[in-house]
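Protein chains in written order, with the numbering used here: chain A, 1 to 176; chain B, 1 to 512.
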Amino acid sequence: MPEKRPEPSFEFVQLLTSHQSRLYAYVLSLLGNRTQAEDVMQETNAVLWRKAHDFKLGTNFGAWMLKVAYFQVMAHRRKLNRDRLVFDDEFIQDIAEEAEQQCEWQEEKQRLLNDCIEKLNERQQDLIRCRYTEGATLKSIASQSGQSENTIKQALFRARAALIQCVKRQSPEEAV
Amino acid sequence: MTEEEKKELESLLMELTEGELSSEQSQRLMEMSRQYPAARQQYLEYCQVHTMLAWEHGVLGDLKLPDLSSTPELPSASFSLWKPLAIAAVLVLAGVFLWSPWGAPSKMKPGETVASLTRSVAASLELFGASFDFNNGSAVRTGSYQLDEGLIQITFESGIEVVIEAPASFEIHGPEFMILNEGRLAANVTPEGVGFTVETPDAEVIDYGTEFAIEVVGERSSEIHVFKGEVEVRPRQQDTSIEPVRLVTNQATRIEYSTDIPLGISVDDQRFLRSLDEPDPSYSGSVRELLPLAYYRMGVSDDGHTLKDAAKGHENKATIVKATRSRQPFAPGRIGSSLRLDGAKKGRYARIASSLEIPATEFTIMAWISAQTLPRNAVLVSDMNLSGDETFRFGLVGDHGHLGLTLADGKQFLQVVDSSPLPLEEWTHVAVIKTTEGLRLYRNGALVSSEPLNGFQVQPHKPFSIGGIPNEFDARKRNQRLGFWHGRIDELAFFGSALTSDQIEKLFQLTP
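Next comes the structure, spelled out in structure tokens:
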């Protein structure tokens with residue numbers, strides 16, 4: 001019978017759950033593929049969970065998490081066939097630092113996002129809700145609204161672009 | 001980027017979030033990102049907004065975590081062994097049961113907005129260990145918070161107002177449930193918020209529509225004070241034989257971690273800031289009608305260091321000089337809040353704008369004061385300048401708490417002193433008046449001492465400090481530690497005229 005491992009603290013669980021969005025953003029930026037990103041995210045969570053006792057509360061959880069995630073991204077890529085790789089290693093190394101900086105304020109931006117969604121026009125709000133809350137596919141949104149998939153795709157793109165601008169305007173880092 | 005390239009980048013990004021990039025498309029995205037920093041930035045921002053939307057709307061999926069108790073070394077490939085766990089279950093796995101009033105683990109959903117930050121007073125607030133720029137009106141989500149400096153007021157959706165004072169550590173789990181691990185909290189619960197529950201390391205406090213405060217102090221004991229209404233305090237003990245305590249208006253209890261036996265104590269309405277608003281009852285209105293030159297109500301200011309001047313037509317604001325980064329300076333006062341001064345150790349005082357000048361012929365200075373200790377020659381108001389020259393001091397004279405006003409002109413001095421000492425920890429109304437004939441000192445509306453001028457020539461005085469003397473420079477000239485008030489000052493008013501005995505008495509009587 002293996003020795004029972006002590007369970008991570010409540011604070012650790014909270015840190016982990018509250019940083020999921022940041023983790024996903026970082027991993028997706030490095031991989032450029034949503035499915036792969038979700039897989040690596042889960043793998044990273046498992047490693048973080050196992051290493052919970054290496055983490056000292058009060059130190060920078062986000063930085064530690066992304067460091068683990070970076071190695072998981074690299075490890076995951078080694079397991080994939082070459083033709084499934086979106087980017088090359090060099091590109092990932094180039095972009096990793098910027099990706100980390102980009103999501104440094106993620107939790108704060110996440111907080112601003114809600115207000116920004118409310119500022120979208122009604123149609124954009126509906127689209128975002130369909131796409132994200134209800135998890136509807138492009139195809140189903142298109143067939144329901146009687147519009148082409150391409151139109152929906154572009155409308156979603158514009159809604160996201162509007163949200164990026166809105167969050168940016170309100171972010172503390174922009175005010176510096 | 002050319003317009004064409006911009007369009008191309010857009011379509012690549014659309015593909016990334018709605019489909020899957022082909023190898024040609026990936027190649028193109030890399031090339032563009034390498035060539036144009038703006039393209040790289042747009043790519044990163046786009047990934048980020050997609051992930052935030054996914055997380056916000058809960059389609060990112062539940063956090064899946066391995067069960068460590070059965071698989072100490074999880075083989076990296078065996079993800080099928082994982083248990084998909086909802087957050088509440090994760091908390092159970094972590095050995096933490098959120099003790100809800102219903103006896104089941106609470107369904108904490110991290111990130112859900114349940115309240116808003118309605119006041120932030122020089123606050124340094126961290127959520128999950130990360131500093132955020134919380135402003136008035138910011139959404140407050142469920143999560144674990146640390147308040148290192150300042151004061152905050154959180155208003156829940158049901159209208160429950162909670163004031164928390166640093167240093168504090170707390171968790172918000174939902175619209176009606178929070179945990180106070182450490183610190184001081186005061187809650188004002190609306191009828192809609194009945195059932196609001198605050199858990200501490202020692203107890204669970206369930207509200208039945210009331211105003212109450214909790215302090216979790218060193219060695220993990222919790223005090224619960226009820227100012228209005230009723231609460232139930234359940235000691236957090238496995239031993240269910242300990243019955244809950246019911247507290248009603250003006251009752252308080254302490255639950256100590258080691259014993260969990262409720263200890264009845266006196267309710268303390270001077271410890272907790274229960275509201276960050278300065279009420280405007282008859283006292284302040286009457287003071288204003290007498291046209292003060294400056295009037296410091298000691299209301300809580302958002303920057304944590306400005307004392308606003310409430311006098312009509314004047315703006316002689318005062319600034320708190322923080323000698324150290326210590327506790328925020330506002331505390332419960334006689335009316336609303338007051339300025340809290342911690343004596344010589346902290347060296348905190350406030351400097352009044354130099355535009356305030358007290359005339360030589362007649363003046364009145366009036367305040368509500370409270371002393372925690374009576375430091376030698378502690379100052380309420382002084383005109384000492386940075387070189388240490390002083391011609392005006394209203395404060396304690398000597399070592400035994402005798403209040404007095406001393407005027408000096410370099411050669412001689414004039415003093416009026418109260419023969420009985422100030423009581424400790426009791427709000428006292430004080431006023432000192434200069435007329436064309438002499439000095440008069442009042443305590444709680446009654447004249448306690450007077451002194452004729454005897455030919456003493458009074459000069460106009462300025463600028464002033466409150467509760468201490470400038471101690472930044474020229475320390476050699478005097479003992480830097482001398483002269484700091486230890487206690488509270490509230491409703492400090494300066495008049496350019498001599499108020500009558502009747503006016504002073506009436507003002508004293510006005511405060512309930």
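Even glycine gets a Cβ: it sits at the ideal position worked out from N, Cα and C.
| At a CB-CB cut-off below 7 Å, which residues of chain B make contact with Arg125/A? | It should be pointed out that residue 125/A corresponds to Gln in this sequence rather than to Arg. Residues of chain B passing the Cβ test: none, with the nearest at roughly 12 Å.
| request: Flag Leu492/B as yes if its beta-carbon sits less than 8 Å from any beta-carbon of chain A, otherwise no. | output: no
| task | Give a yes or no on whether the C-beta atoms belonging to Asp418/B and Leu441/B are separated by under 8 Å. | result | yes
| said: Restricting to runs no shorter than 4 residues, where is the alpha helix (DSSP H) found entirely within the segment 19-70 of chain A? | reply: 20-31, 34-50
| message | Which residues does DSSP list as the beta-bridge partners of Phe394/B? | response | Val381/B, Leu405/B
| request: Return the chain-ordered list of same chain residues with a C-beta closer than 6 Å to the C-beta of Val397/B, the five sequence neighbours on each side being excluded. | output: Gly404, Val417
| request: Determine, using beta carbons only, whether Ile141/A comes closer than 8 Å to chain E. | output: Chain labels in this structure do not include chain E; the protein chains are A and B.
| task | Return the residues of the segment 86-108 of chain A that lie within a Cβ-Cβ distance of less than 8 Å from chain B, sorted by chain order. | result | Val86, Phe87, Asp88, Phe91, Asp94, Ile95, Glu98, Ala99, Gln102, Cys103, Gln106, Glu107, Glu108
| Proximity of Asp383/B and His461/B at Cβ, strictly below 8 Å | yes
| Sorted by chain position, which residues of the same chain lie with C-beta nearer than 7 Å to Arg34/A's C-beta, five sequence neighbours on each side aside? | Leu28
| request: Using a cut-off of 8 Å between C-beta atoms, extract the partners of Trp55/B located in chain A. | output: Gln20, Ser21, Tyr24, Gln110
| Given that Asn33/A touches chain B, what residues does it touch there, using C-beta distances under 9 Å? | Leu16, Glu20, Leu21, Ser26
| Does Gln147/A come within less than 8 Å of chain B when only Cβ atoms are used? | no
| message | Let me check one thing: in DSSP terms, what residues is Phe495/B bridge-paired to? | response | Thr364/B
| query | Near Trp64/A, which residues of its chain fall below 7 Å by C-beta distance, leaving aside the five closest residues on each side in sequence? | reply | Phe55
| message | Check whether chain A comes within 8 Å of Arg40/B, counting only Cβ atoms and requiring the distance to be less than that. | response | yes
| field | Nonlocal neighbours in the same chain, by C-beta distance under 7 Å from Arg160/A, ignoring five residues either side | value | none
| query | Counting Cβ pairs closer than 8 Å, one from the segment 305-319 of chain B and one from the segment 146-153 of chain B, do we hit at least three? | reply | no
| message | Just to confirm before moving on: does the CB-CB distance between Ile489/B and Gly468/B stay below 8 Å? | response | no
| said: Please list, in chain order, the chain A residues whose beta carbon lies closer than 7 Å to that of Val49/B. | reply: Arg160, Leu163, Ile164
| task | Give a yes or no on whether the minimum CB-CB distance between Tyr257/B and chain A is below 8 Å. | result | no
| said: Is Tyr46/B close to chain A? Criterion is C-beta to C-beta, closer than 8 Å. | reply: yes
| Rounded C-alpha distance that separates Ile255/B from Ser222/B | 5 Å
| Beta-carbon proximity of Gln179/A to Ala25/A, cut-off 8 Å | Beyond the ends of chain A as shown, which are 1 and 176, falls residue 179/A; an answer cannot be given.
| said: Let me see if you follow: with CB-CB separation under 8 Å, is Phe157/A close to chain B or not? | reply: yes
| Beta-bridge pairing of Phe156/B - partner residues as DSSP gives them | Ala115/B
| message | Quick check: what's the CA-CA separation for Glu451/B versus Asp502/B? | response | 19 Å
| request: Spell out whether any CB of chain B is found under 8 Å from the CB atom of Asn114/A. | output: yes
| said: Let me see if you follow: with CB-CB separation under 8 Å, is Glu199/B close to chain A or not? | reply: no
| query | What is the residue span of the alpha helix (DSSP H) that Glu149/A lies within? | reply | 149-170
| request: Over the uninterrupted beta strand (DSSP E) stretch that includes Lys312/B, give me the two end residues. | output: Where Lys312/B is concerned, there is no enclosing beta strand (DSSP E), given that its DSSP letter is neither H nor E.
| task | Out of Pro167/B, Trp55/B, Leu127/B, point me to the one whose CA is closest to Glu134/A's CA. | result | Trp55/B
| task | Find out if the Cβ-Cβ distance for the pair Glu161/B, Asn135/B is shorter than 8 Å. | result | no
| query | Would the beta-carbon of Pro375/B fall within 8 Å of that of Phe272/B? | reply | no
| request: Would you please verify whether the beta carbon of Gln14/A is less than 8 Å from any beta carbon of chain B? | output: yes
| If we call anything under 8 Å between Cβ atoms a contact, is Thr364/B one with Leu499/B? | yes
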